[in-house]
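In our numbering, the protein residues as written are 320 to 467. Just so it is clear, CB atoms sit at the ideal spot from N, CA and C, and this is done for glycine as well. This report refers to the structure that appears directly beneath it.
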């Protein structure tokens with residue numbers, strides 16, 4: 320599984336407007352719907368919120384990875400959003416988040432999902448990459464930073 324094939328400029332949003340965890344999740348789902356990756360928003364939303372109730376996907380360093388498993392997708396889909404303003408996401412380090420990476424995957428396929436999360440987790444290790452993502456105004460550049 321390759322991030323470059325999953326993330327495209329139409330699944331990147333540089334200016335999320337949401338002020339709460341739920342608003343951000345809604346915006347991220349709208350990106351996936353607009354890109355033709357998700358058909359059933361209500362079901363997808365419920366699986367992501369259900370996952371958040373079990374344990375927040377707010378990680379460290381201002382990054383959150385809301386995700387869920389649903390039969391509304393045939394293959395793993397993902398999008399990335401950057402918020403102009405920090406949003407409280409119940410993160411592990413108590414810091415608000417500005418980088419959001421959402422992924423939805425089919426219930427019966429765990430491999431691509433785990434691989435995706437492993438690739439994305441490299442972001443946590445690089446303050447430089449995080450800074451580049453927050454400063455760019457180019458959607459293709461976001462993908463390049465994430466995948467190189």
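Quick check: residue i and residue j, are their CB atoms within less than 9 Å of each other?
i           : j           : result
residue 387 : residue 423 : yes
residue 351 : residue 438 : no
residue 461 : residue 395 : no
residue 421 : residue 384 : yes
residue 344 : residue 355 : no
residue 335 : residue 419 : yes
residue 368 : residue 341 : yes
residue 426 : residue 389 : yes
residue 410 : residue 445 : no
Name the two residues that bound the continuous alpha helix (DSSP H) containing residue i.
i           : result
residue 380 : Unbroken run through residue 380: none, as it is neither H nor E.
residue 445 : From DSSP, residue 445 is part of no alpha helix (DSSP H); its letter is neither H nor E.
residue 347 : 340-353
residue 324 : 322-325
residue 367 : 360-373
If you follow the beta strand (DSSP E) that residue i is part of, which residue opens it and which one closes it?
i           : result
residue 331 : 331-335
residue 388 : 386-388
residue 459 : Per DSSP, residue 459 belongs to no beta strand (DSSP E); it is in the alpha helix (DSSP H), 458-466.
residue 401 : 396-406
residue 423 : 416-424
Residues in the same chain with beta-carbon distance under 7 Å from residue i, minus the five sequence neighbours each way, listed in chain order, please.
i           : result
residue 417 : 381, 401, 402, 405, 453
Could you pull out every residue in the same chain whose Cβ sits closer than 6 Å to the Cβ of residue i, ignoring the five residues on either side in sequence?
i           : result
residue 398 : 330, 347, 350, 351, 421
residue 412 : 379
residue 407 : 415
Quick one: what's got a C-beta closer than 8 Å to residue i's C-beta in the same chain, skipping five residues either side?
i           : result
residue 274 : Given a span of 320 to 467 for the chain in the structure shown, any question on residue 274 remains unanswerable.
residue 428 : 394, 395
Whether or not the segment 360-376 and the segment 325-337 are in contact is what I'm after, with contact meaning three or more pairs of Cβ atoms, one per stretch, closer than 8 Å; do they touch? no
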